[in-house]
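Visitor: Have a look at the structure that comes next, please.
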Amino acid sequence: MELITNLNDITMPFNNAVVTIGNFDGVHKGHQAILHQVIELAESIDGTSVAITFEPHPLKVLSDSGAPPLITMYEQKIELLGQTGIDVLVSTPFTQSFAAITAHSFIEDILINKIGMKAIIIGKDYKFGKNRQGNVDFLRQYTGTHGIEVIVANWIPVSHQLTDRISSTRVREIVMEGRVEEAWHLLGRFYQIRGEVVTGRKRGGPMLGFPTANIKLIDELCPKMGVYAVTVEWEKTKYKGVANIGYAPTFDDHLFTVEVHLFDFNEDIYGETIRVNFIKRIRDEKRFADINELSEQISRDIENAKTILADL
Ligand code: RBF
Ligand code: MG
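So in the numbering used here, the last spot in the sequence shown is 337, and the numbers never skip.
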């Protein structure tokens, strides 16, 4: 995938560009379906598949109430979009002045003249341009005379029984409720957070017998408090473990922590960035009467997690 982070770097239109536009937060199965449709159509006309996205998320610039917590931060989003097989990703800086570009000018100056768009595939509710004036109907009115194909991508239902569609909003809700197995279903992969391993209170190993790596989150969206079976990726190797998210109410320091205990692991990873994949929620966090009870519960959590993770 070719990554373009500045529209000025495009000096020549792409050959037979098939385009999609979106925020693609989460790169969930709905996004993946659109992107694959773009790739297929581009292949059928010997063209170039192009995805256009924005950085930061437009709501971070435009909304007074702020943007929702992102499912995928910039780096992960780029990685995931690359994995779909799209030829070109344009991630354009989203500023107030960019937001002021009219839908008309966006189509003519950017999509047609700069990118060389021959076809576009977007979701039926997608809106773009100043005052969100651009949408499927606007595109059709405008591009008809230019011989550009406008294709509406179908929504992907959450499941066979349900009529609601896969959306970034839905993924956020599910993750915040700790329903990480359902998140897997909507994302086509496990929900992942990334962060740096930082110094904790040095209590896990010495006091409880289970050392944990405390994580300073890069991500904005964190699963609900509780204990989870996880896998951890570090330096291209995958490890199994258990995570605890919350305030460790057995102690009275009231510090929110995301920590993981890795099985069969004793390397120094302070300062390293690790990735944590959430496989299954095990239980709520609770306050124990003493350290022994907590320690015994953690042993059971580990046995539980080992069973859950057995065939991963
Ligand atoms: N702390 C609690 O106060 N209550 C819990 O239910 C709890 N569950 C945990 C489960 C696991 C698998 C792990 C690794 C930790 C858990 N902790 C819990 C956090 C524990 O108190 C913490 O790791 C140490 O205090 C070190 O910071
Ligand atoms: Mg720790």
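We treat Cβ as the ideally placed atom computed from N, Cα and C, and that holds for glycine.
Based on DSSP bridge pairs, tell me the residues matched to Glu133.
Guide: Its beta-bridge partners do not exist; DSSP assigns none.
Visitor: For Val255, which residues in the same chain have their Cβ closer than 7 Å to its Cβ, ignoring the five residues on either side in sequence?
Guide: Correct list, in chain order: Gly266, Val267, Ala268, Val285, Val301, Asn302, Phe303, Ile304.
Visitor: Would DSSP call Ile176 helix, strand or coil?
Guide: Reduced to three states, the DSSP call for Ile176 is strand.
Visitor: Suppose you measure from the CA of Asp278 to the CA of Arg226; what does that come to, to the nearest Å?
Guide: Approximately 10 Å, taken between the alpha carbons.
Visitor: Give every residue of the same chain whose Cβ lies closer than 7 Å to the Cβ of Gln62, excluding the five residues on either side of it in the sequence, and list them in chain order.
Guide: Excluding positions up to five away in sequence, the list reads Ile146, Ala178.
Visitor: Answer yes if the segment 74 to 87 comes into contact with the segment 215 to 235, meaning at least three C-beta pairs across the two stretches below 8 Å, and no otherwise.
Guide: Judged by Cβ distances under 8 Å, the segment 215 to 235 makes no contact with the segment 74 to 87, as fewer than three pairs qualify.
Visitor: For a test of the three-state rule: what should DSSP assign to Lys263, helix, strand or coil?
Guide: Looking at Lys263 - three-state DSSP - the assignment turns out to be strand.
Visitor: Whose C-beta lies closer than 7 Å to the C-beta of Glu81 among residues of the same chain, with five residues either side of it excluded?
Guide: A small fix is needed here, since residue 81 is Pro in this sequence, not Glu. So the list reads Phe119, once near-sequence residues are dropped.
Visitor: Pick from Glu260, Leu211, Gly172, Met98: whose alpha carbon is nearest that of His185?
Guide: Selected option, being the one with the closest Cα: Leu211.
Visitor: Under the criterion of a Cβ to heavy atom distance below 7 Å, does Gly225 qualify as lining the ligand MG?
Guide: Yes, the ligand MG has a heavy atom inside 7 Å of this Cβ.
Visitor: Please determine, among Ile323, Phe163, Val86, Ser116, the residue with the shortest C-alpha to C-alpha distance to Phe288.
Guide: Comparing Cα-Cα distances from Phe288 to each of Ile323, Phe163, Val86, Ser116, the minimum goes to Ile323.
Visitor: I want to check one thing, is the minimum distance from the CB of Glu284 to the heavy atoms of the ligand MG below 7 Å?
Guide: True, at least one ligand heavy atom lies under 7 Å from that Cβ.
Visitor: Relative to the ligand MG, is the shortest distance from any of its heavy atoms to the C-beta of Thr256 smaller than 7 Å?
Guide: No, Cβ of Thr256 sits at least 7 Å from all heavy atoms of the ligand MG.
Visitor: By the 10 Å Cβ neighbour count, where 16 or more other Cβ atoms means buried, how is Tyr216 classified, buried or exposed?
Guide: So Tyr216 counts as buried.
Visitor: Mind checking which residues open and close the beta strand (DSSP E) that includes Lys305?
Guide: Unbroken beta strand (DSSP E) run through Lys305: 298 to 308.
Visitor: Alpha carbon to alpha carbon, how far is Ile140 from Asp293?
Guide: About 48 Å.
Visitor: Could you tell me whether the segment 258 to 265 touches the segment 166 to 180, where touching means 3 or more Cβ pairs closer than 8 Å?
Guide: Flag = no, the segment 258 to 265 and the segment 166 to 180 do not touch.
Visitor: Compare the Cα-Cα distances from Thr194 to each of Val86, Pro94, Val44 and report the closest residue.
Guide: Ranking the options by Cα distance to Thr194, first place goes to Pro94.
Visitor: Assign Asp326 to one of two classes, buried (16 or more other C-beta atoms within 10 Å of its C-beta) or exposed (fewer than that).
Guide: It counts as buried.
Visitor: Under the criterion of a Cβ to heavy atom distance below 7 Å, does Gly234 qualify as lining the ligand MG?
Guide: Every heavy atom of the ligand MG is 7 Å or more from the Cβ of Gly234, so no.
Visitor: Secondary structure at Tyr99, three-state DSSP: helix, strand or coil?
Guide: Reduced to three states, the DSSP call for Tyr99 is helix.
Visitor: Contact between the segment 153 to 167 and the segment 120 to 129: three or more CB pairs below 8 Å?
Guide: With a cut-off of 8 Å, the segment 120 to 129 and the segment 153 to 167 count as touching, because enough Cβ pairs lie within range.
Visitor: Grab the span of the alpha helix (DSSP H) containing Gln166 for me, first residue to last.
Guide: Looking at the DSSP string, the run of the alpha helix (DSSP H) that includes Gln166 is 161 to 168.
Visitor: Is it true that the CB of Gly234 sits closer than 8 Å to the CB of Ser320?
Guide: Yes; because the gap between Cβ atoms is below 8 Å, this pair is in contact.
Visitor: Using CA coordinates, which residue listed in Gly159, Ile70, Glu133, Val44 is at the minimum distance from Val113?
Guide: Nearest of Gly159, Ile70, Glu133, Val44 to Val113, Cα basis: Val44.
Visitor: What residues match up with Ser74 in a beta bridge as DSSP calls it?
Guide: According to DSSP, which records beta bridges pairwise, Ser74 is partnered with Val43.
Visitor: Give the range of the beta strand (DSSP E) segment to which Gln217 is assigned.
Guide: Taken as a continuous stretch (DSSP letters only), the beta strand (DSSP E) holding Gln217 covers 216 to 223.
Visitor: Between Ile243, Gly72, Ile135, Gly51, which has its C-alpha nearest Asn31's C-alpha?
Guide: Residue Ile135 is the option with its Cα nearest to Asn31.
Visitor: Determine whether the beta carbon atoms of Ile299 and Ile243 lie at a separation below 8 Å.
Guide: Contact flag unset, no.
Visitor: Compute every distance between the C-beta of Asn269 and the non-hydrogen atoms of the ligand MG, then say whether any falls below 7 Å.
Guide: No.
Visitor: For Ile82, report the span of its alpha helix (DSSP H) as first-last.
Guide: The sequence given here places His at residue 82; Ile does not occur at that position. Looking at the DSSP string, His82 is not in any alpha helix (DSSP H), and its letter there is neither H nor E.
Visitor: Between the C-alpha atoms of Lys311 and Asp71, what's the straight-line distance to the nearest angstrom?
Guide: So the alpha carbons of these two residues sit roughly 58 Å apart.
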